[in-house]
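Numbering (the numbering used here), first residue to last: 1 to 414.
From the three backbone atoms N, C-alpha and C, an ideal C-beta is built for every residue, glycine too.
Worksheet: the structure to be examined is printed underneath.
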């Protein structure tokens, strides 16, 4: 018989638990009460072990480093995302009860409960992965789980170049922009690589700079020593104890930051974010959800209107144009590739409209390669002479580097 007390003591030693289960299965087989092959015995022992101390049929997916997202749509439908491509797996739960038990195990691990009165949970797991669970009656077709796994390493620009997300000239340009303390927005859809880009950019923040990061779920991996990380907090049923992104931003401005990095801007905190960018905290960065650089500017307008509805639209646009220097537009293409579609400079306001200039752009070709992959090329349109980066590069003694880079990028070799 399975000694549950022993299993509880050994729950942090999965190999010993597996051996205990294998012993029990072997005893049952030797007693003549069952006949299974050695291979079947090994598979059964693994399944029982995963069920008792792991996460059932998704346990192997949780451990698979090639999997970025695990999406459970009821007990019989489990998808994963690898390399930007979603695919259905052959994994499944026996029934809704098993799925609900595993979901509760995950939720309890983050110190929360889920039941019919509280059918939604969104939280960060101990390893940094993002967990979202919805149970019936809200989830009509059975318990739903979304797990966005937290990578163990921080991707660098070198990695992104190797993946084809951008080219070397673009990476070097962004390094200069980050070191010259340009204010940068990384825009894109879900799974487009916004946080990965923000992490890569943050690698070029000076060691002497005091940086404060603000996130809903901690995903940023800054390597510098002088970093203060803060995270929003959901309140109780009455709302007490809730700490919003807007609360964090207002407080961060009082903490003498050199730079503020906002994991994602999605609401009224946009006003405080631009205020930070416009009041001496140069080099601040954030992400937001938008499909193009133009859409990103429109979203910023909408978010500021939410916070300051009395402000005229022209004043809001002027505020944006004087705060944001660059928008990096990231995208996940239909074939799963992640690309920087454009690096766009915000030039200012003309005739009450924000004027932009695409410094770099990914130009998609009509044909695909032999594997069906989308083809294209990164094109550099150069910097406009009135670009704010020229002045900053001069201040930070990077003018020659910038000039040489831009000549090389547009095809005028030095």
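Length of the line joining the Cα atoms of residue i and residue j
| i | j | result |
| --- | --- | --- |
| residue 254 | residue 144 | 40 Å |
| residue 78 | residue 181 | 43 Å |
| residue 405 | residue 411 | 10 Å |
| residue 422 | residue 67 | Past the boundaries of the shown model lies residue 422; the chain is included only from 1 to 414, so the question cannot be answered. |
| residue 234 | residue 96 | 28 Å |
| residue 323 | residue 278 | 5 Å |
| residue 147 | residue 388 | 41 Å |
| residue 161 | residue 167 | 5 Å |
| residue 58 | residue 106 | 11 Å |
| residue 271 | residue 319 | 9 Å |
| residue 414 | residue 402 | With a pLDDT of only 42 at residue 414, under 50, the local geometry of the prediction cannot be trusted, and the value read off the model is given with reservation. About 12 Å. |
| residue 344 | residue 92 | 44 Å |
| residue 4 | residue 136 | Reliability of the predicted coordinates at residue 4 is poor, the pLDDT of 49 falling under 50, and no value is obtained from them. |
| residue 346 | residue 243 | 32 Å |
| residue 102 | residue 266 | 31 Å |
| residue 249 | residue 269 | 7 Å |
| residue 409 | residue 380 | 6 Å |
| residue 196 | residue 31 | 55 Å |
| residue 281 | residue 127 | 31 Å |
| residue 311 | residue 305 | 7 Å |
| residue 373 | residue 117 | 46 Å |
| residue 1 | residue 226 | Low confidence applies here, because residue 1 scores a pLDDT of 49, under 50, leaving its location unreliable; read the following figure in that light. Roughly 54 Å between the two C-alpha positions. |
| residue 119 | residue 299 | 30 Å |
| residue 228 | residue 252 | 10 Å |
| residue 36 | residue 88 | 29 Å |
| residue 301 | residue 205 | 28 Å |
| residue 65 | residue 82 | 9 Å |
| residue 291 | residue 247 | 27 Å |
| residue 133 | residue 239 | 20 Å |
According to DSSP, residues forming a beta bridge with residue i
| i | result |
| --- | --- |
| residue 398 | In DSSP, residue 398 forms no bridge with anything. |
| residue 79 | 71, 88 |
| residue 331 | 339 |
| residue 326 | 184, 345 |
| residue 162 | Residue 162 is not bridged to any residue. |
| residue 256 | Residue 256 pairs with nothing; no bridge assigned. |
| residue 364 | 376 |
| residue 155 | Answer by DSSP bridge pairing: none, since residue 155 is not bridged. |
| residue 145 | 72, 133 |
| residue 357 | 345 |
| residue 453 | A query on residue 453 cannot be resolved here, the shown segment of the chain reaching from 1 to 414 and no further. |
| residue 233 | 243 |
| residue 115 | 118 |
Terminal residues of the beta strand (DSSP E) in which residue i lies
| i | result |
| --- | --- |
| residue 212 | 211-215 |
| residue 347 | 338-350 |
| residue 131 | 130-134 |
| residue 375 | 374-380 |
| residue 288 | 285-289 |
| residue 260 | 259-262 |
| residue 122 | 120-124 |
| residue 175 | Element bounds for residue 175: not the beta strand (DSSP E) but the alpha helix (DSSP H), 168-179. |
Under 9 Å between C-beta atoms of residue i and residue j
| i | j | result |
| --- | --- | --- |
| residue 245 | residue 214 | yes |
| residue 142 | residue 56 | no |
| residue 154 | residue 113 | no |
| residue 355 | residue 173 | no |
| residue 191 | residue 337 | no |
| residue 69 | residue 149 | yes |
| residue 176 | residue 398 | yes |
| residue 314 | residue 349 | yes |
| residue 80 | residue 61 | yes |
| residue 223 | residue 241 | no |
| residue 274 | residue 84 | no |
| residue 317 | residue 352 | yes |
| residue 363 | residue 382 | no |
Range of the contiguous alpha helix (DSSP H) that encloses residue i
| i | result |
| --- | --- |
| residue 108 | 96-109 |
| residue 55 | Residue 55 -> no alpha helix (DSSP H), and no H or E assigned at all. |
| residue 441 | Within the shown structure, residues of the chain are numbered from 1 to 414, placing residue 441 beyond reach of any answer. |
| residue 304 | 293-307 |
| residue 271 | 269-277 |
| residue 150 | Taken as a continuous stretch (DSSP letters only), residue 150 belongs to no alpha helix (DSSP H), as it is neither H nor E. |
| residue 242 | Unbroken run through residue 242: none, as it is neither H nor E. |
| residue 317 | 313-321 |
Discussion item. Closer than 8 Å is the cut-off here; do at least three beta carbon pairs connect the region 287-301 with the region 325-338?
Written reply: yes
Worksheet item: At a cut of 8 Å, does the region 171-189 reach the region 270-285 through at least three beta carbon pairs?
Response: yes
Discussion item. Pairs of beta-carbons, one from the region 202-221 and one from the region 257-266, closer than 8 Å: are there three or more?
Written reply: yes
Worksheet item: Between the region 213-227 and the region 121-131, do three or more beta carbon pairs fall short of 8 Å?
Response: yes
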